[in-house]
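Residue numbers (our numbering): 143 to 703. For reference, the structure is listed below as structure tokens.
This is the structure we're talking about:
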């Protein structure tokens with residue numbers, strides 16, 4: 143198999159999926175361009191902000207396209223390129239894009255509220271609290287992991303103390319993006335610039351920042367960058383979204399799209415050969431294709447984190463319902479294209495069927511910069527730009543998850559008795575600064591102490607979140623008389639995948655403990671967290687399933703229908 147043919151097949155499949163299945167879902171569910179969206183109805187200048195579709199798309203895409211679409215396919219390639227490609231395409235079209243669209247759709251139809259609100263509405267406050275605790279803990283885990291990864295890409299010195307110019311240049315450019323994004327935010331918000339004008343400004347700013355970054359690298363150690371990153375995302379998570387988070391994601395989206403185009407052109411002109419087998423085995427080094435492949439490859443196929451972005455932020459920015467399809471379903475398919483390019487990248491630099499040993503971001507940057515070098519771009523420049531794009535993927539996701547974790551913590555402590563009264567502690571805990579501190583402090587400690595100890599559970603936790611989101615949305619559709627068949631199948635399959643993965647993790651860790659091979663407390667910790675996730679998932683799933691099967695009077699549908 144050659145990379146160009148694999149890319150063509152993917153582009154054709156994703157394009158047809160959007161034009162046929164995506165539009166079919168929009169027609170079936172009901173889209174009303176005349177209906178007032180939550181962004182207009184509850185506009186507050188902080189969270190609820192009517193936003194142009196281009197900026198909203200940029201925010202969504204830059205937020206969801208983190209390390210996942212690069213890491214997952216490159217790691218999953220150990221099973222061969224065929225199972226990876228099939229899961230990416232089939233999973234994205236019928237699972238992931240549907241999941242993202244239905245999460246955004248459901249939130250917009252419910253005043254921009256989170257999935258926790260739906261669970262409270264139909265199941266009760268206890269179910270909502272459990273779900274919000276899960277989301278908060280999940281946000282801490284992502285924040286710890288992604289902050290560590292970003293700090294590593296910024297680290298200006300290696301273990302021997304020698305300078306790493308590429309990392310230092312990436313760091314300079316990324317820091318310059320902050321004031322540039324603030325300026326862009328004020329330009330879009332206050333000056334009401336058009337999408338074309340703001341896009342031209344964004345591209346010009348990007349070029350200037352990249353050139354300055356290459357010429358003026360900033361050398362700092364990884365630990366210093368870790369604390370700088372947490373200071374930055376704390377500020378980003380508490381200030382109005384239009385001032386920094388939204389314009390930074392919009393600014394980065396141009397860089398990310400440029401990277402996709404560059405990688406696409408590189409594959410077209412170099413036509414790399416895929417040097418890994420089509421299929422290796424169902425059992426590779428003790429890892430079984432099912433369910434390992436389906437929790438390893440999350441972003442690019444289906445990812446529960448996307449529902450947090452859709453319901454926690456983007457649903458409050460949608461200016462018109464007609465933009466929901468491209469901003470959700472479309473952004474997910476574009477992320478799948480990134481994942482396909484990552485698969486081609488790892489396949490092109492594998493040697494004799496053996497996968498490269500470098501980290502997935504390095505593998506991706508090496509392969510893509512190699513493609514660009516073959517068509518005339520200097521290797522050091524292309525490697526720096528691709529590395530910058532990869533770090534931007536991760537940092538924009540980090541921006542978003544810090545805000546979402548803060549919002550989940552606030553919602554957990556919100557006064558729900560309607561009288562506006564509560565203890566001083568509750569009032570403090572639900573404030574923006576306190577919520578951000580309570581979310582980012584444990585994340586920072588986990589990053590410093592070693593998030594890898596529980597990172598093995600990330601895949602299962604992420605896919606469990608996707609399954610819970612799907613079943614909650616199915617419950618809403620059922621209660622409002624909408625068709626649920628396109629949700630039921632992915633919901634059931636994702637629950638089976640998630641529960642199977644968690645059971646295997648619990649079993650493997652239990653064997654280590656019983657055989658006396660647990661030299662540290664890590665297996666105990668992993669087994670305990672996996673058990674809690676399994677119990678939580680079963681409780682929420684059964685509660686929602688019971689409500690779905692109840693023969694109760696349906697709620698009236700919105701004016702959209």
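Note that CB positions come from ideal geometry on N, CA and C, so glycine has one too.
Does residue 237 pass the burial test, meaning 16 or more other C-beta atoms within 10 Å, or should it be called exposed? The count along the chain shown starts at 1 and reaches residue 237 at position 95. Buried.
Kindly indicate which residue of 663, 627, 679 has the alpha-carbon position closest to the one of residue 643. For the purposes of this step, residue 643 is identified with residue 501 of the chain shown, where counting begins at 1. Among 663, 627, 679, the Cα nearest to that of residue 643 is on 679.
First and last residue of the uninterrupted alpha helix (DSSP H) at residue 359: Working through the chain shown from its first residue, we reach residue 359 at position 217. It is not in any alpha helix (DSSP H) - residue 359 carries neither H nor E in the DSSP assignment.
Look at the alpha carbon of residue 187 and the alpha carbon of residue 585, and state the distance between them as a whole number of angstroms. Your numbering for residue 187 matches position 45 in the chain shown. Your numbering for residue 585 matches position 443 in the chain shown. Cα to Cα, residue 187 sits roughly 28 Å from residue 585.
Which same chain residues, not among the five before or five after residue 173, have their C-beta less than 8 Å away from its C-beta? The sequence position of residue 173 within the chain shown is 31, counting from 1. Only 463, 464, 466, 467, 702 meet the Cβ criterion.
Can you tell me which of 317, 259, 307, 610 puts its alpha carbon nearest to the alpha carbon of residue 359? As a working mapping, residue 359 is identified with position 217 in the chain shown. Comparing alpha carbon positions, the residue from 317, 259, 307, 610 closest to residue 359 is 307.
What does a CB cutoff of less than 7 Å around residue 292 pick up in its chain, not counting 5 residues either side in sequence? Within the chain shown, the letter at position 150 stands for residue 292. Only 371, 533, 536, 537, 540 meet the Cβ criterion.
Only counting the same chain, and skipping five residues up and downstream in sequence, which positions put a Cβ closer than 7 Å to that of residue 190? The residue you call residue 190 lines up with position 48 of the chain shown. These residues qualify, in order along the chain: 180, 181, 184, 254, 458.
Quick check on DSSP: helix, strand or coil for residue 648? Within the chain shown, residue 648 is the residue found at index 506, counting from 1. The three-state reading of DSSP puts residue 648 in helix, counting H, G and I together.
Here's the rule I'm using: 16 or more other beta-carbon atoms within 10 Å means buried, otherwise exposed. How should residue 166 be labelled? In the chain shown, residue 166 corresponds to position 24, counting from 1. The residue in question, residue 166, is exposed, as its Cβ has fewer than 16 Cβ neighbours within 10 Å.
What are the residues that DSSP puts in a beta bridge with residue 429? For this step, residue 429 is matched to residue 287 along the chain shown. DSSP lists 426 as partners of residue 429.
Just the Cα atoms here: how many angstroms apart are residue 637 and residue 574? Residue mapping note: residue 637 aligns to position 495 of the chain shown, counting from 1. Residue mapping note: residue 574 aligns to position 432 of the chain shown, counting from 1. Cα-Cα distance, rounded: 34 Å.
Any non-hydrogen atom of the ligand ATP within 7 Å of residue 193 CB: The ligand content of the structure shown is nil, which means the ligand ATP is not present either.
Quick check: what's the CA-CA separation for residue 518 versus residue 526? The count along the chain shown starts at 1 and reaches residue 518 at position 376. The count along the chain shown starts at 1 and reaches residue 526 at position 384. For residue 518 and residue 526, the distance between alpha carbons rounds to 15 Å.
Pick from 692, 205, 577: whose alpha carbon is nearest that of residue 279? Along the chain shown, one-based indexing puts residue 279 at 137. Looking only at 692, 205, 577, the smallest Cα-Cα distance to residue 279 is reached by 577.
Does the beta-carbon distance from residue 391 to residue 201 come in below 8 Å? The residue given as residue 391 occupies position 249 in the chain shown. The residue given as residue 201 occupies position 59 in the chain shown. Going by C-beta atoms, residue 391 is nearer than 8 Å to residue 201.
Would DSSP call residue 611 helix, strand or coil? For the purposes of this step, residue 611 is taken as the residue at position 469 of the chain shown. The answer is helix: DSSP assigns residue 611 an H, G or I state.
Does the Cβ of residue 582 have 16 or more other Cβ atoms within 10 Å, making it buried, or fewer, making it exposed? Here residue 582 refers to the residue found at position 440 of the chain shown. With 16 or more Cβ atoms within 10 Å of its Cβ, residue 582 is classed as buried.
In the DSSP output, what is residue 305 paired with across the bridge? Working through the chain shown from its first residue, we reach residue 305 at position 163. BP columns for residue 305 point to 299.
Looking at residue 264: is its Cβ nearer than 8 Å to the Cβ of residue 621? On the chain shown, position 122 is the one that residue 264 refers to. On the chain shown, position 479 is the one that residue 621 refers to. Yes; because the gap between Cβ atoms is below 8 Å, this pair is in contact.
To which residues does DSSP link residue 460 through a beta bridge? Stepping through the chain shown from its first residue, residue 460 is reached at position 318. Looking at the DSSP assignment, residue 460 forms a beta bridge with 193.
May I ask you to report which of helix, strand or coil DSSP gives residue 265? To locate residue 265, count along the chain shown from 1; it is residue 123. Residue 265: coil per DSSP, three-state reduction.
Using only the alpha-carbon positions, how far apart do residue 561 and residue 617 sit? Locating residue 561 in the chain shown gives position 419, counting from the first residue. Locating residue 617 in the chain shown gives position 475, counting from the first residue. Legend: pLDDT at residue 561 = 43, less than 50; position of this residue unreliable, value from coordinates given subsequently. Whole-angstrom Cα-Cα distance: 29 Å.
Is residue 205 buried or exposed, if buried means 16 or more other CB atoms sit within 10 Å of its CB? Translated into the one-based positions of the chain shown, residue 205 becomes position 63. It is buried - the Cβ of residue 205 has at least 16 other Cβ atoms within 10 Å.
What ranges does the alpha helix (DSSP H) occupy inside the region 466-507, keeping only unbroken runs of at least 4 residues that lie completely in it? Complete alpha helix (DSSP H) runs here, min 4: 473-491.
Drop a sphere of 10 angstroms on the beta-carbon of residue 559, count the other beta-carbons inside from all chains shown, and report buried for 16 or more, exposed for fewer. Within the chain shown, residue 559 is the residue found at index 417, counting from 1. Its pLDDT being 46, under 50, residue 559 is placed unreliably by the model, and the measurement read from it follows with that caveat. Exposed.
Could you check where the alpha helix (DSSP H) with residue 624 kicks off and where it finishes? Your numbering for residue 624 matches position 482 in the chain shown. From DSSP, residue 624 is part of no alpha helix (DSSP H); its letter is neither H nor E.
If you draw a straight line from the alpha carbon of residue 492 to that of residue 234, how long is it in whole angstroms? Taking the chain shown and counting its residues from 1, one reaches residue 492 at position 350. Taking the chain shown and counting its residues from 1, one reaches residue 234 at position 92. Cα-Cα distance, rounded: 25 Å.
Does the distance from the CB of residue 454 to the CB of residue 549 come in under 8 Å? Against the chain shown, residue 454 aligns to sequence position 312. Against the chain shown, residue 549 aligns to sequence position 407. In contact: residue 454 and residue 549 (Cβ atoms closer than 8 Å).
Once you ignore the five residues that flank residue 329 on each side, which residues in its own chain have a CB closer than 6 Å to its CB? Residue numbering aside, residue 329 sits at position 187 when the chain shown is read from its first letter. Excluding five sequence positions before and after residue 329, the CB atoms of its chain that fall closer than 6 Å to its own CB belong to 335, given in chain order.
Under 8 Å, do residue 450 and residue 682 count as touching if we go by C-beta distance? What you label residue 450 is simply residue 308 of the chain shown in a count that begins at 1. What you label residue 682 is simply residue 540 of the chain shown in a count that begins at 1. Not in contact: residue 450 and residue 682 (Cβ atoms no closer than 8 Å).
Check whether the region 211-224 and the region 482-498 touch, using three or more Cβ-Cβ pairs below 8 Å as the test. Result yes; three or more Cβ-Cβ pairs closer than 8 Å.
Could you check if residue 388 is buried or exposed, using at least 16 other CB atoms within 10 Å of its CB as the buried criterion? Numbered from its first residue, the chain shown carries residue 388 at position 246. Buried.
In three-state DSSP terms, what is residue 659? The residue you call residue 659 lines up with position 517 of the chain shown. Coil, per DSSP.
Per-residue DSSP class, three states only, for residue 604: The residue labelled residue 604 in the question sits at position 462 within the chain shown. Here DSSP, grouped into helix, strand and coil, assigns residue 604 to helix.
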